[in-house]
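Counted from 1, the sequence shown has number 971 at position 165 by the numbering used here; the numbering is strictly sequential. Here's the structure, in structure tokens; my notes come after.
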Amino acid sequence: MNPRNIEISAVNAVEEYIMRSSFMAPHISDTDKTPIWDGSIFLYSRKEDDKCKIQSVENFVGRISVQVKGKCVKVLPKRPAYQISVSSLNAYKKEGGVIFFVVYLVGESRYIHCAFLSAIDIKRYVAKAKGNSSISVHLEEAKPMSRDVEDIYFEFWDNCRRQTSFADSKVLSLEDALNSGKPINIISRKQSK
């Protein structure tokens, strides 16, 4: 397969996957005209009373930047990862984060893997690179689309929005936070709803 066909096949696989959700819509280019990312996933309100307005402007919640890569392999890797340049990671951090998709093409089959990279995740990868120009980023297999999987995308978008305000600040470890002497309250998102 030539590189152009690999890219088209990878983008099509990701678009088909995202379109299985009624509350998300892919807007991804397979012509690679943007510098680093390939497009976005648009998110729409999931309130029951908004069902008739799904994917309308008034129902728009936000967007997540995405990058899509395709890779032809004979067998799926046991530990999927992708080498990403530190300069690209820094650009993703400025944008607030990115979902980095890698579609493995094995014969006629397509296997979608991804990394949800928020600003804090990206900072950790960049620090781990220790001055190297790129770093291997771990990928997870994309789970079948469901309400729980949609939750992951919406929570990622929310986390990215929250992290942009302090993306360039030092990230405290739990140990540093405990040693600061300030009280720490941990509330799960499900408890806070």
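From the three backbone atoms N, C-alpha and C, an ideal C-beta is built for every residue, glycine too.
Just the C-alpha distance for V817 and I905, rounded to the nearest angstrom, thanks. 13 Å
Once you ignore the five residues that flank Y922 on each side, which residues in its own chain have a CB closer than 6 Å to its CB? The displayed chain sequence assigns Phe, not Tyr, to residue 922. Only I905, F962 meet the Cβ criterion.
Can you check the segment 875-924 for any alpha helix (DSSP H) of at least 4 residues that lies completely inside it and give the ranges in chain order? 892-901
Taking the alpha-carbon positions, what's the L911 to S815 distance? Rounded to the nearest angstrom, the two C-alpha atoms are 8 Å apart.
Going by DSSP in three states, P809 sits in which element: helix, strand or coil? helix
May I ask you to report which of helix, strand or coil DSSP gives S846? strand
How is F829 classed by DSSP in three states: helix, strand or coil? In the structure shown, F829 sits in coil (DSSP, three-state: anything other than H, G, I, E or B).
By DSSP, does S940 sit in helix, in strand, or in coil? strand
Do you know how far the Cα of G876 is from the Cα of K936? 27 Å
In its own chain, which residues sit with a C-beta less than 8 Å from the C-beta of S891, not counting the 5 before and 5 after it? S939, S940
In its own chain, which residues sit with a C-beta less than 7 Å from the C-beta of S894, not counting the 5 before and 5 after it? I842
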